[in-house]
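Numbering (full-length UniProt numbering), first residue to last: 1 to 254. C-beta atoms are modelled at their ideal positions from N, C-alpha and C, and glycine is treated no differently. Predicted, not measured: the structure shown is a model, and the values here were computed from it. Notes follow the structure.
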């Protein structure tokens, strides 16, 4: 890494980094090093004191430059390990006209989907769950929470609620919830989604590998059977830098 630092800051490169404060010039220099491959995905940055020494700037300047690059997703801090060059994010495009599972979506794109289960359990429903799912008194609800990952890139956190009538034992869901519901002949056929912008809180940001406060998409979906009965209530949080939702619009009669 000493050799890399010598190349990154050689021949007064920092001073030639355009106008603006020193931390801005240092940020550009480090960002350029990532773009050209001098610093590669997964590389650990040296200690701030070493960067400060090679760049002939203060550690405060180094910290500010690195903070900016972490906020932009170019670098990522890992508690107890240091600062690393982040993996480039690949955008996933999701059409809103089709009701499919995450596993099905990723398979169509040739991506390998997997989940890290955060919770599976049977609970007394909340007032929202009772109202949305139309649950009778005494009915339990199955809750499933998981981190959604495609090609080793965390994309979303998903919290699903299903009536115990349709899914009495959530432990039977091993990969796709919709596949399990289909086996029980209660797979939904339509859904209503509400999408809103949000900022990542600390716990969610840690799971998704993004900075606290990063842009996210909050999605609430209610899925229905052909009879009109609500079968699934899901709240999801998607990375704003990794997901695009696309809707096809047609001209209606005037």
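Does the Cβ-Cβ distance between residue i and residue j come in under 8 Å?
i	j	result
residue 161	residue 192	no
residue 75	residue 118	no
residue 176	residue 146	no
residue 197	residue 215	yes
residue 170	residue 135	no
residue 70	residue 40	no
residue 155	residue 186	no
residue 189	residue 73	no
residue 27	residue 56	no
residue 167	residue 195	no
Please report the distance separating the alpha-carbon of residue i from that of residue j.
i	j	result
residue 33	residue 82	18 Å
residue 11	residue 68	Reliability of the predicted coordinates at residue 11 is poor, the pLDDT of 44 falling under 50, and the value obtained from them is presented with this limitation in mind. Computed Cα separation, rounded: 24 Å.
residue 213	residue 173	32 Å
residue 163	residue 207	27 Å
residue 63	residue 48	7 Å
residue 60	residue 53	12 Å
residue 150	residue 237	15 Å
residue 239	residue 152	14 Å
residue 23	residue 80	24 Å
residue 8	residue 180	53 Å
residue 199	residue 219	13 Å
residue 77	residue 204	15 Å
residue 30	residue 51	10 Å
residue 165	residue 221	19 Å
residue 178	residue 58	55 Å
residue 35	residue 228	52 Å
residue 139	residue 120	17 Å
residue 87	residue 43	10 Å
When we look at the beta-carbon of residue i and count the other beta-carbons within 10 Å, is it buried (16 or more) or exposed?
i	result
residue 37	exposed
residue 113	buried
residue 158	buried
residue 124	exposed
residue 223	buried
residue 183	exposed
residue 137	exposed
residue 202	exposed
residue 25	buried
residue 148	buried
residue 20	exposed
Nearer than 7 Å: is that true of the beta carbon of residue i relative to any heavy atom of the ligand ADP?
i	result
residue 33	Ligands displayed in this structure: none; no statement on the ligand ADP is therefore possible.
Which residues mark the beginning and the end of the beta strand (DSSP E) in which residue i is found?
i	result
residue 29	Run containing residue 29: none in the beta strand (DSSP E); it sits in the alpha helix (DSSP H), 22-36.
residue 143	141-150
residue 75	75-78
residue 220	215-224
What residue range does the alpha helix (DSSP H) around residue i cover?
i	result
residue 39	Premise fails: residue 39 is in no alpha helix (DSSP H) and is neither H nor E.
residue 177	177-183
residue 61	59-71
residue 191	Element bounds for residue 191: not the alpha helix (DSSP H) but the beta strand (DSSP E), 190-199.
residue 207	202-208
Q.
Quick check: the stretch 119-139 against the stretch 217-235, are at least 3 beta-carbon pairs closer than 8 Å?
A. yes
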